[in-house]
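Sequential numbering from 1 applies to the sequence shown in full-length UniProt numbering.
Here a beta-carbon is modelled for each residue, glycine too, at the ideal position from N, C-alpha and C.
Accompanying notes for the structure given below.
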Amino acid sequence: MDAVKANLGGKKVIFCGLIQYLNLFVTGTQKLWRSLQALGAIAFAYSFSIILLEIQDTIRSPPAEYKTMKKATLFSIIVTTTFYLLCGCMGYAAFGDLAPNNLLTGFGFYNPYWLIDIANAAIVVHLVGAYQVFCQPLFAFVEKWSAKKWPKSDLVTAEYEIPIPFWGVYQLNLFRLVWRTLFVVLTTLISMLLPFFNDVVGILGAMGFWPLTVYFPIEMYKAQKKIGRGTTRWLGLQILNVSCFFITLVAAIGSVAGVVLDLKTYKPFKTRY
Numbered sequence: 001m002d003a004v005k006a007n008l009g010g011k012k013v014i015f016c017g018l019i020q021y022l023n024l025f026v027t028g029t030q031k032l033w034r035s036l037q038a039l040g041a042i043a044f045a046y047s048f049s050i051i052l053l054e055i056q057d058t059i060r061s062p063p064a065e066y067k068t069m070k071k072a073t074l075f076s077i078i079v080t081t082t083f084y085l086l087c088g089c090m091g092y093a094a095f096g097d098l099a100p101n102n103l104l105t106g107f108g109f110y111n112p113y114w115l116i117d118i119a120n121a122a123i124v125v126h127l128v129g130a131y132q133v134f135c136q137p138l139f140a141f142v143e144k145w146s147a148k149k150w151p152k153s154d155l156v157t158a159e160y161e162i163p164i165p166f167w168g169v170y171q172l173n174l175f176r177l178v179w180r181t182l183f184v185v186l187t188t189l190i191s192m193l194l195p196f197f198n199d200v201v202g203i204l205g206a207m208g209f210w211p212l213t214v215y216f217p218i219e220m221y222k223a224q225k226k227i228g229r230g231t232t233r234w235l236g237l238q239i240l241n242v243s244c245f246f247i248t249l250v251a252a253i254g255s256v257a258g259v260v261l262d263l264k265t266y267k268p269f270k271t272r273y
């Protein structure tokens with residue numbers, strides 16, 4: 001702007017200043033959206049409470065199920081937090097504000113290729129396991145409901161024994177085979193249609209974090225422990241509840257804004273790298 005002032009002066013200096021201010025405002029707004037999206041992604045990373053009780057029901061006792069689950073939860077949170085903090089801090093230290101959404105594909109180069117391939121393979125193993133764990137309660141619910149709805153249907157209830165060498169006998173259910181296959185195909189298709197992964201993760205994290213991870217557990221805890229209104233513990237829980245609701249709200253706003261911006265350059269079944 002100093003150069004414009006020295007050579008042109010007058011109203012053009014004001015015009016140049018306005019342009020610079022607008023550029024700063026746009027950059028600041030983009031940083032705000034990305035920060036809010038990050039809150040949603042962080043919330044999604046700790047959304048395991050959705051299936052916490054289902055996992056606990058499968059644990060053998062003794063020792064008591066809740067004791068085993070408490071240790072497993074503490075260990076998992078420590079490992080997850082450490083890993084994600086390392087990814088975030090190292091990515092920002094290396095690239096600053098230009099850190100890519102996907103650290104494995106956003107660099108513009110793919111060497112050493114073997115290291116990136118190993119990292120991608122590890123992600124596949126991680127996601128396959130997580131997909132199975134998260135989907136099993138839904139599979140069980142749908143199959144149980146279908147068996148009650150159509151108890152005389154061979155498609156739904158019949159079990160066919162298929163001998164497998166070196167394994168034993170496999171119980172094949174046609175409805176289970178068809179329904180689970182269609183579910184996987186549908187979810188895969190939807191994920192391919194939504195290439196802006198971080199924004200979608202932010203929305204899902206915002207939708208599930210407060211009600212399932214914070215609100216209902218807190219309300220159940222207050223009811224079980226008979227915590228009276230106005231007590232110190234009640235106030236602390238309410239502050240936590242409201243704070244997490246605010247985080248959920250702003251994360252949802254930022255993630256929706258990110259999806260809207262991504263849709264402007266969106267092309268189905270095409271990545272941006």
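Alpha-carbon spacing of residue i relative to residue j, whole angstroms
| i | j | result |
| --- | --- | --- |
| Thr213 | Ile55 | 15 Å |
| Phe134 | Trp150 | 26 Å |
| Gly236 | Val79 | 27 Å |
| Phe83 | Tyr92 | 14 Å |
| Gln132 | Gly230 | 43 Å |
| residue 285 | Thr68 | The first residue shown for the chain is 1 and the last is 273, placing residue 285 beyond what the model contains. |
| Thr265 | Lys222 | 47 Å |
| Leu85 | Pro100 | 15 Å |
| Val124 | Val250 | 30 Å |
| Phe183 | Leu127 | 16 Å |
| Asp117 | Leu103 | 13 Å |
| Asn23 | Ile218 | Because Asn23 carries a pLDDT of 45, less than 50, the predicted location of this residue cannot be relied on, and no value is offered for it. |
| Arg176 | Cys87 | 39 Å |
| Gly96 | Gly205 | 24 Å |
| Lys225 | Glu65 | 19 Å |
| Gln238 | Leu138 | 31 Å |
| Gly208 | Tyr113 | 36 Å |
Beta-carbon separation (whole angstroms), residue i vs residue j, contact threshold 8 Å
| i | j | result |
| --- | --- | --- |
| Ser255 | Ile203 | 4 Å |
| Val169 | Pro163 | 6 Å |
Backbone secondary structure at residue i - three-state DSSP
| i | result |
| --- | --- |
| Glu161 | strand |
| Val259 | helix |
| Asn23 | At Asn23, the pLDDT of 45 sits below 50, so the modelled position is not reliable; the number obtained from the coordinates is stated separately. Asn23: helix per DSSP, three-state reduction. |
| Thr265 | coil |
| Ser61 | coil |
| Asn241 | helix |
| Arg229 | coil |
| Phe95 | helix |
| Pro211 | helix |
| Pro217 | helix |
| Leu194 | coil |
| Leu249 | helix |
| Leu85 | helix |
| Leu74 | helix |
| Leu104 | coil |
Close beta carbons around residue i, own chain, < 8 Å, minus the five adjacent residues each side
| i | result |
| --- | --- |
| Tyr160 | Gln171, Leu172, Asn173 and Leu174 |
| Trp234 | Lys222, Ile227 and Gly228 |
| Leu52 | Met69 and Thr73 |
Residues near residue i in its chain [Cβ-Cβ closer than 7 Å; skip 5 each side]
| i | result |
| --- | --- |
| Trp210 | Cys244, Phe245 and Thr248 |
| Val142 | Trp179 |
Sequence-distant residues of the same chain with beta carbon closer than 6 Å to residue i, five excluded per side
| i | result |
| --- | --- |
| Lys267 | none |
If we require 4 or more residues per run, which alpha helix (DSSP H) segments fall completely within the stretch 112-180? 113-149 and 154-157
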